Amino acid sequence: MTRLIAIGVLIGLAVLLFKYRTNEKLQKAVIYTSVMGAASYVIYIVLMELIR
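Residue numbering for the sequence shown is 1 to 52, as defined by full-length UniProt numbering.
Written as structure tokens, this is what we have:
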């Protein structure tokens, strides 16, 4: 659950950064972190279901 909240916060931060047109490097970092967080969460869920 904590991971979902963190991913949601990062996505919200990404929306704000794009809305106010901040530094491009910062935008990319937030997007990459959000995508990697979501991907790791999905992989974790799939692995836990396969183990069960």
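C-beta: ideal position from N, C-alpha, C; glycine also. In this text the structure is predicted, and so the values were computed from the model without any measurement.
> In terms of residues, what are the limits of the alpha helix (DSSP H) holding T33?
Replying inline: Taking the first residue of the sequence shown as position 1, residue 33 is located at position 33. Its alpha helix (DSSP H) spans residues E24 to I51.
> Assuming I5 contacts Y41 under a Cβ cut-off of 8 Å, what Cβ separation, rounded to an integer in Å, is found between them?
Replying inline: Along the sequence shown, read from residue 1 onward, the residue named residue 5 stands at position 5. Along the sequence shown, read from residue 1 onward, the residue named residue 41 stands at position 41. That pair is no contact at about 11 Å.
>> By the three-class DSSP mapping on this structure, what secondary structure does R3 have?
In response: Here residue 3 refers to the residue found at position 3 of the sequence shown. If DSSP states are grouped into helix, strand and coil, R3 belongs with the helices.
> Contact check, L16 vs G37 under 8 Å by CB: the rounded distance?
Replying inline: By 1-based counting over the sequence shown, the position of residue 16 is 16. By 1-based counting over the sequence shown, the position of residue 37 is 37. Contact doesn't hold; Cβ gap of about 17 Å is too wide.
> How big is the Cα-Cα spacing for K25 and I51?
Replying inline: Position 25 of the sequence shown holds residue 25. Position 51 of the sequence shown holds residue 51. The straight-line gap from Cα to Cα measures roughly 38 Å.
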